[in-house]
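Inspection log for the structure reproduced underneath, given as structure tokens.
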Amino acid sequence: MNMCSIAGARPFQSEEPAVLIGLNLRDFALAARVELDLQPGFTVITGETGAGKSVLIQALAFALGAPADAETIRPGAAAADVEATFDLAASEAYGPVARLLSDADIPFEGELIVRRTVSRPRDGAQRLGGRLRINDRAATVGVLRQLAPMLADVHGQREHLSLLRPQEQLELLDRFGGVEHQRDAVSAMVRRLSTLDRQLGDLSRSERERVRRIALLRHEASEIAAAGLRADEEHELQSRHQRLVHAQTLAAQASDAIASLESDSLGEALSAVRRIAEIDEAASPIAEALETAFEQSAEALRSLRGYADQVELDPDQLSDVESRIALLGDMKRRWGDTIADVIAYGQQADAQADRLERESADSDALAAEAEQLAADLADAALELSLSRRQAAEALAQAVSRECEDLRLPGARIEFCFENIPPSSDARTLQIDDSACGFDQNGIDQVELLVAFNPDAPLRPLRRVASGGETARLTLAIKAVLGESDVVPLMVFDEIDVGLGGRSGGMIGERLARLGDRRQVICITHLPQVAARAREHVTVSKSTLNGRTGVDVRLLTPEQRVTELADMLGGQTDANRASASDLLQAAVVS
Numbered sequence: 044m045n046m047c048s049i050a051g052a053r054p055f056q057s058e059e060p061a062v063l064i065g066l067n068l069r070d071f072a073l074a075a076r077v078e079l080d081l082q083p084g085f086t087v088i089t090g091e092t093g094a095g096k097s098v099l100i101q102a103l104a105f106a107l108g109a110p111a112d113a114e115t116i117r118p119g120a121a122a123a124d125v126e127a128t129f130d131l132a133a134s135e136a137y138g139p140v141a142r143l144l145s146d147a148d149i150p151f152e153g154e155l156i157v158r159r160t161v162s163r164p165r166d167g168a169q170r171l172g173g174r175l176r177i178n179d180r181a182a183t184v185g186v187l188r189q190l191a192p193m194l195a196d197v198h199g200q201r202e203h204l205s206l207l208r209p210q211e212q213l214e215l216l217d218r219f220g221g222v223e224h225q226r227d228a229v230s231a232m233v234r235r236l237s238t239l240d241r242q243l244g245d246l247s248r249s250e251r252e253r254v255r256r257i258a259l260l261r262h263e264a265s266e267i268a269a270a271g272l273r274a275d276e277e278h279e280l281q282s283r284h285q286r287l288v289h290a291q292t293l294a295a296q297a298s299d300a301i302a303s304l305e306s307d308s309l310g311e312a313l314s315a316v317r318r319i320a321e322i323d324e325a326a327s328p329i330a331e332a333l334e335t336a337f338e339q340s341a342e343a344l345r346s347l348r349g350y351a352d353q354v355e356l357d358p359d360q361l362s363d364v365e366s367r368i369a370l371l372g373d374m375k376r377r378w379g380d381t382i383a384d385v386i387a388y389g390q391q392a393d394a395q396a397d398r399l400e401r402e403s404a405d406s407d408a409l410a411a412e413a414e415q416l417a418a419d420l421a422d423a424a425l426e427l428s429l430s431r432r433q434a435a436e437a438l439a440q441a442v443s444r445e446c447e448d449l450r451l452p453g454a455r456i457e458f459c460f461e462n463i464p465p466s467s468d469a470r471t472l473q474i475d476d477s478a479c480g481f482d483q484n485g486i487d488q489v490e491l492l493v494a495f496n497p498d499a500p501l502r503p504l505r506r507v508a509s510g511g512e513t514a515r516l517t518l519a520i521k522a523v524l525g526e527s528d529v530v531p532l533m534v535f536d537e538i539d540v541g542l543g544g545r546s547g548g549m550i551g552e553r554l555a556r557l558g559d560r561r562q563v564i565c566i567t568h569l570p571q572v573a574a575r576a577r578e579h580v581t582v583s584k585s586t587l588n589g590r591t592g593v594d595v596r597l598l599t600p601e602q603r604v605t606e607l608a609d610m611l612g613g614q615t616d617a618n619r620a621s622a623s624d625l626l627q628a629a630v631v632s
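Read in order, the letters of the sequence shown correspond to residues 44 to 632 in our numbering.
As structure tokens, this is what we get:
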């Protein structure tokens, strides 16, 4: 059958939880359906040559962004589907993954489910179709390929091997050398210097404009201040203008009103009603009402006389008021909808002019700070570079020793250091009387060089053909780096190619040790490697109804003895005894 759910006993203990906890395939290559549950530590995959062991690694690589072709899809199927589930809640990769997914607007709370599908062309199309979802949210392969290096090193799939990237080599070197604090200090200085240079550039480019702007702002603020504006002045001016324009009419009307009130007809009526009230008390309220009206009339008369005295027939005063109203209107057209807005603009203009003058005065101080910071940065970057070179020498020696144990006696590694070249349009640092470029990691460009034979020239690791030697070199480097390496999952597809049993035992021991700190998955043909694994999975081919498929299953302890005996040469008593000895030795160690 082509379906298998992997789970089982844990004979060994890993310090790290599993990162890849599930890998499900449907119609991928020769696999009709595989459901693989994975455990922490070291898992080994075995099977006869041609059994399809690499299909699991290919499926994982596809889930991490590797390209697909028509052979990816199982013959007779319309599409292939791979789902990989990662548990990063307790992993050091949680933070970087969370930031990347947040930027991509993909939800993430520790579990990461990548589901990728490739389908055959439809309707005459030439290209394969495809879909990608991350945590059930549509995503791009570009996001997936940024995510992949944070999750796994897949050896045998070079695009997923982080150690091939010079930037990753530099970061690993910094972690091995314990110089992160120096690098962080350099990064902080670079960020501050970048800010200063940006501010100085802005000041330099706008100096002439700033001088012109200060003069304009001062002139406008002075003009507004000289006008002596008040926020409520406009309403008062409009009222005053109305009185001056209609002064003659107002005076005449006030005079007529005064004359009418002075006629005393209301006083005569009050006297008559009072006489009536002396005879008939029923008229008393009328008398009281007339008394109130008489008093109000007298008060109104006094007010009218005062108003009439204030009415002015003054053409000069009218001209002044109209000029003032015109001035306020002009200021509103230039600086605000209301007089209050104009007053506020004047205050803001003064404040802005003050700020611009301070900026001009600060320019020299900023330039002095930038020059001092550049000198300090040059010293710190040089010190960081020297620390890196010391760490590189120690790392190279340690890896060389590991290589001898892994049957790479002639292997040599060396870190090539070059200064970042200066750029004509960017600031440089003076390092040993030479101009040098820099970035937030300092002044170094670092690349790992390797040679697998004593007489072979050193070449960049990224240009060395992939193979068993490269895989073992990677294992040696990872073993030396230990906790300095933060990639949580390592997958080896061809680490023991061309090796025998003695070398296999050493490699198996290294992989098991690495599995104490990381999740490790390895395809092997050596029983000495397989015996060291915590989990043992076999892959085999089967044929049903004329269709070839892949079977995947987890082995029990007894089945492991059988599988190892087959790997040793067959089911003989001697081979089964040897297989048991290998497993027992792995448990003891």
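Glycine is no exception: its CB is placed at the ideal position from the N, C-alpha and C atoms.
Please work out which residues of its chain come closer than 8 Å, Cβ to Cβ, to residue i, disregarding the five sequence neighbours upstream and downstream, and give them in chain order.
i	result
I267	M374, W378, V385, I386, Y388, G389, A392
L73	G95, V98, R117, K584, T591, G592, V593
V316	A326, I329, A330, L333
G65	E78, L79, D80, L81, E126, A127, T128
Q312	Sequence check: residue 312 is Ala here, not Gln. For A312, where only same-chain residues beyond five positions count, the Cβ hits under 8 Å are L333.
In terms of DSSP beta bridges, what is residue i paired with?
i	result
S583	D594
Q169	DSSP lists no partner for Q169.
P503	L492
G485	D482
H198	F535
F71	A74, I116
E126	N67, R158
A181	R176
S477	I474
Could you name the residues of the same chain whose beta carbon sits closer than 6 Å to that of residue i, not counting the 5 residues immediately before and after it, in chain order?
i	result
D70	R117, A120, A123
M193	A136, P139, V140
C459	E490, L492
L187	G108
A629	A574, R575
R251	none
E202	For E202, the predicted model reports a pLDDT of 47, less than 50, meaning its position is unreliable; a value from the coordinates is still stated below. None.
Q395	L260
C446	A454, A519
E342	none
Residues in the same chain with beta-carbon distance under 7 Å from residue i, minus the five sequence neighbours each way, listed in chain order, please.
i	result
R226	D217, L427, N484, G485
G558	S57, G84, F85, R577
D624	none
I520	L206, V442
D112	none
I680	Since the first and last residues shown for the chain are 44 and 632, residue 680 lies out of range.
A478	P465, T471
S621	L611
L516	C446, L451, A454, V493
R367	L280
R432	F460
P497	G453
V507	V493, T513
A439	I456, E457, F458
Contact defined as beta carbons within less than 8 Å: I believe residue i pairs with residue j. What is the distance between those atoms, to the nearest angstrom?
i	j	result
T86	E606	14 Å between Cβ atoms; not a contact.
I566	I100	6 Å
A522	R553	5 Å
L532	A168	Actually they are not in contact, since the Cβ atoms of L532 and A168 sit about 35 Å apart, beyond 8 Å.
V604	L626	7 Å
Subject >> Uninterrupted alpha helix (DSSP H) stretches inside the stretch 387-418 (no shorter than 4 residues) >> reply: none
**OP:** Inspect the CB distances between the stretch 145-163 and the stretch 128-135 and report whether three or more fall short of 8 Å.
**Re:** yes
**OP:** Could you say if the stretch 205-213 and the stretch 538-554 meet the contact criterion of at least three C-beta pairs nearer than 8 Å?
**Re:** no
**OP:** Evaluate contact between the stretch 357-372 and the stretch 275-285, counting only Cβ atoms and requiring at least three cross-stretch pairs below 8 Å.
**Re:** yes
Original post:
Contact between the stretch 470-483 and the stretch 531-542: three or more CB pairs below 8 Å?
Top reply: no
**OP:** Tell me, please, whether the stretch 419-434 touches the stretch 222-241 by the rule of three or more beta-carbon pairs shorter than 8 Å.
**Re:** yes
Original post:
Quick one: any contact between the stretch 168-175 and the stretch 444-457, if contact means 3 or more CB pairs under 8 Å?
Top reply: no
Original post:
What are the start and end residues of each continuous alpha helix (DSSP H) run of 4 or more residues lying completely inside the stretch 446-473, in chain order?
Top reply: none
Original post:
Mind pulling the alpha helix (DSSP H) runs of 4 or more residues that sit fully within the stretch 216-249?
Top reply: 223-248
**OP:** With a floor of 3 residues, list each beta strand (DSSP E) that falls wholly inside the stretch 74-121, ordered by position along the chain.
**Re:** 74-80, 85-89
Original post:
For the stretch 544-585, which segments carrying the beta strand (DSSP E) assignment without a break, of at least 3 residues, lie completely within its bounds, in sequence order?
Top reply: 562-566
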